[in-house]
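**Q** Sharing a structure with you now.
Residue numbers (the working numbering): 8 to 346.
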């Protein structure tokens, strides 16, 4: 687990405070979508299929920052669309960082070198660059040649300037344990990014490609084999040990969708970042008026093959906090990963 020690302490303190207050449902990280427009058309993406009028919209800075503050979450993942296409994205980041929120700006990095002057390095801020594989595999997944090479150069430039850089890799049934190992080795050892995030792809209903999403058993086999031989411990994975156990099939958890709520141009999305069963204007309405018991594997057919981090990482984190053994295990891996 490669999360910086300062962030680990902050999040742990936040979780302890929620427990003391007796709150049953609370946000761990907000998925913020200040726009849906993108400069790529990835085959597995279900986020950009909107009318032209919607794709032209950009969320005002005050609205974006206000939603995060309304929720009270200690962390924010800014997605989209491509956030760097938002003309005021740097101001959204600046204001959230000033509130001491941990901000991850997800990007395909095509605009990163052009826009990087607008940002300032901070322990509260990281670029999260999407890398799905090495050159041929990644360019195929985003349906455009040259994207991998540009992302690599952007990562190098961001690191040179002192920014914290993480990567986010999504895997499909076209991946093998070897392709997973190759890309994570490259990101971890060659590019030396600060942390790596991984997830099996979710089968978006609107994604153009519906053939290459992983099933549960495929996911478990893929990660079990990729993690073998000490890889899991060696890679700077930004996940709790229990979530990695979950990916391997060593543990199973219910979905905790309410812990990573999504806020977009339409409002707070029910029930999660991946599924859209309507929107509400306030965080309170999302938490109090959503029937959370309807969702998860074995309850909703859309959830049948989902093992995405936005549903299950929070469950793993909460299980860790509720176990002295797992808390000590996570602490050991945090200290080891922060060296």
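Built from N, CA and C at the ideal position, the CB exists for glycine as well.
Compare the Cα-Cα distances from residue 321 to each of 253, 332 and 146 and report the closest residue.
**A** Nearest of 253, 332 and 146 to residue 321, Cα basis: 253.
**Q** I'd like the ranges of any beta strand (DSSP E) spanning at least 3 consecutive residues and lying wholly in the segment 256-318.
**A** 269-271, 274-278 and 283-287
**Q** List the whole-angstrom C-beta distance separating residue 251 from residue 239, where the pair is believed to meet the contact cut-off of C-beta under 8 Å.
**A** With a Cβ gap of about 6 Å, residue 251 and residue 239 count as contacting.
**Q** Tell me whether the beta-carbon of residue 65 lies closer than 7 Å to the beta-carbon of residue 97.
**A** no
**Q** Pick from 260, 336, 333 and 329: whose alpha carbon is nearest that of residue 23?
**A** Ranking 260, 336, 333 and 329 by Cα distance to residue 23 puts 329 first.
**Q** Looking at the unbroken alpha helix (DSSP H) that takes in residue 186, where does it start and where does it end?
**A** First-last of the alpha helix (DSSP H) with residue 186: 184-192.
**Q** Can you grab the Cα-Cα spacing for the pair residue 168 / residue 69, in whole Å?
**A** So the two alpha carbons sit approximately 28 Å from each other.
**Q** Using three-state DSSP, classify residue 5 as helix, strand or coil.
**A** Residue 5 is absent from the model: the chain starts at 8 and stops at 346.
**Q** Helix or strand or just coil, what does DSSP make of residue 216?
**A** Because the pLDDT of residue 216 is 49, which lies under 50, any placement of that residue in the model is unreliable, and the question is left without a value.
**Q** Please classify residue 28 as buried or exposed, where buried requires at least 16 neighbouring CB atoms within 10 angstroms.
**A** Residue 28 comes out exposed.
**Q** CA-CA distance, residue 327 and residue 333?
**A** 5 Å
**Q** Kindly list the residues whose CB is nearer than 6 Å to the CB of residue 142, restricted to its own chain and excluding five residues on each side of it in sequence; keep chain order.
**A** 155
**Q** Can you name, in chain order, every residue of its own chain whose Cβ lies under 7 Å from the Cβ of residue 190, other than the five neighbours on each side?
**A** Cβ neighbours of residue 190 beyond the five flanking positions: 138, 140, 141 and 176.
**Q** Give the straight-line distance between the Cα atoms of residue 216 and residue 279, rounded to the nearest whole angstrom.
**A** Since pLDDT at residue 216 reaches only 49, below the 50 mark, its modelled position is unreliable, and no value is offered.
**Q** Express the C-alpha separation of residue 296 and residue 159 in angstroms, rounding to a whole number.
**A** 43 Å
**Q** Quick one: complete alpha helix (DSSP H) runs, 4+ long, within the segment 17-45?
**A** Listed in chain order, the alpha helix (DSSP H) runs fully inside the segment 17-45 amount to none, counting runs of at least 4 residues.
**Q** Quick one, are the C-beta atoms of residue 78 and residue 41 less than 7 Å apart?
**A** no
**Q** Give me the Cβ distance between residue 223 and residue 201, rounded to the nearest whole Å; I'm assuming they're in contact under 8 Å.
**A** Going by Cβ atoms, the distance from residue 223 to residue 201 rounds to 30 Å, so no, they are not a contact pair.
**Q** Pick out the complete alpha helix (DSSP H) segments inside the segment 119-178, 4 residues or longer, and give them in chain order.
**A** The qualifying runs are 119-122, 142-149 and 154-167.
**Q** Taking DSSP's pairing of strands, which residues face residue 112 in a bridge?
**A** Looking at the DSSP output, residue 112 sits in a beta bridge with 85 and 134.
**Q** Compute the distance between the beta-carbons of residue 37 and residue 75, then report whether it is under 7 Å.
**A** yes
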